[in-house]
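Here is the structure we will look at.
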Amino acid sequence: MGSVLGLFSYSFMRNAFSAIFAIGPMFGLISTMIVNNRMAFFSDALGHCALTGIALGTLIGIQNPTFSILIFALIFAFCISNIIELDIIPEDSIIGVFSSVGLAVGTIVISFKNNFSRYSEFLIGNLISIRENEVKLVFFVFIAVLIFWFLFFNKLMLSSFNRDLSVSKQLKYKFYKNIFVIMISLTVAVTIRLIGILMVNSLLTLPAAASKNISKNLRDYHIFSVVFSLSSGILGLIVSFYLGVSASASIILILSLIFFITLLVFRNNQ
């Protein structure tokens, strides 16, 4: 126990743990809506588009990568959403195309500038290196997500379960979906350096996927998703520190283990 508490003697670990108490619940909440709306590929595409934001932002002189990631994530997100609404091409095909384009453009620009090593942490994440100003930014976004959740939760849930019913009740389906897309983009933008492009989609889907295996009602579904996300974040940081491995990969591995355990529990209860 003492050795675990000893982690807090390091300022970088205090920053990382502080951030995880915002990142965990934030991803846990957003994960439920992503799984409900079957938007796993959508969030994955945003992660890939983040690479374009990083690369092009650097190319045109934007100093803050978070800002350039957010801009390009929003552009890609709204392009994907609007093309999907046209109902001309299958949704998974549209998302696949944008995901590929985002990854390809970002890779070309980075290789052109010969900056692969500089941006490696954006690929796999580096939560341990989080700075105090980034912790504040993460908490700011977390508060924004909470406000968004309290204001629009019921309407979002109705839209995710039955779009036709939400339209018949004169709910602004597209408006609420666009706000949710903004929330996803904002979350990805502020955490992509910490979690990693290759890892962020797993953290956006696994908590709710595991929770869905054992939840009997909507309340449990959200509570378990937040608990799984937060607990895996805490355990992942501890494992990362003592084994000297990637924090985000440790978190995802623990979340995956939780998913398979809950899946076995679900099957045994059938």
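Residue numbers (my numbering): 1386 to 1655. We put the beta carbon where it would ideally sit given N, CA and C, even for glycine.
Straight-line Cα distance separating residue j from residue i
| i | j | result |
| --- | --- | --- |
| I1636 | P1450 | 24 angstroms |
| M1424 | V1575 | 20 angstroms |
| F1393 | Y1627 | 13 angstroms |
| I1454 | A1401 | 21 angstroms |
| I1639 | G1446 | 38 angstroms |
| S1505 | C1464 | 27 angstroms |
| P1475 | E1517 | 43 angstroms |
| K1559 | F1426 | 19 angstroms |
| G1629 | S1514 | 13 angstroms |
| I1509 | R1578 | 8 angstroms |
| N1467 | F1538 | 22 angstroms |
| I1408 | V1523 | 7 angstroms |
| V1494 | G1442 | 10 angstroms |
| L1431 | F1457 | 9 angstroms |
| V1650 | A1462 | 36 angstroms |
| S1631 | N1511 | 7 angstroms |
| F1533 | L1444 | 33 angstroms |
| M1411 | I1473 | 33 angstroms |
| D1477 | E1470 | 13 angstroms |
| I1646 | G1581 | 25 angstroms |
| F1535 | H1607 | 13 angstroms |
| L1642 | I1479 | 31 angstroms |
| S1596 | S1616 | 13 angstroms |
Residues near residue i by beta carbon distance below 6 angstroms, same chain, minus five either side
| i | result |
| --- | --- |
| G1345 | Residue 1345 cannot be examined here, being either before or after the span of the chain that is shown, 1386 to 1655. |
| L1648 | N1598 |
| V1520 | N1400, S1403, A1404 |
| S1496 | none |
| L1459 | S1570 |
| V1526 | L1571, V1575 |
| S1625 | A1632, S1635 |
| L1620 | I1639 |
Unbroken alpha helix (DSSP H) run spanning residue i, endpoints
| i | result |
| --- | --- |
| Y1627 | 1603-1628 |
| I1493 | 1476-1497 |
| S1416 | 1396-1421 |
| N1598 | 1585-1599 |
| S1453 | 1450-1471 |
| I1509 | 1505-1509 |
| G1432 | 1425-1444 |
Cβ shell of residue i (< 8 angstroms), same chain only, five flanking positions each side left out
| i | result |
| --- | --- |
| A1529 | M1568, L1571 |
| M1386 | Because the pLDDT at M1386 is just 49, under 50, the model does not fix this residue reliably, and the point stays unresolved. |
| S1428 | I1419, I1569, V1573, V1585, N1586, L1589, T1590 |
| I1415 | V1530, M1568, I1569, T1572, L1589 |
Cβ shell of residue i (< 7 angstroms), same chain only, five flanking positions each side left out
| i | result |
| --- | --- |
| L1488 | H1433, L1436 |
| I1350 | The structure shown does not extend to residue 1350, since the chain spans only 1386 to 1655, so no value can be given for it. |
| L1583 | L1508, I1509 |
| L1541 | M1418, Y1561, F1565 |
| A1594 | V1420, F1644 |
| G1618 | I1405, I1408, G1409, I1636 |
ask   = Are the segment 1394-1406 and the segment 1557-1566 touching by the rule of at least three beta carbon pairs closer than 8 angstroms?
value = no
- Query: For the segment 1479-1494 against the segment 1594-1606, are there 3 or more C-beta pairs whose distance is under 8 angstroms?
  - Reply: no
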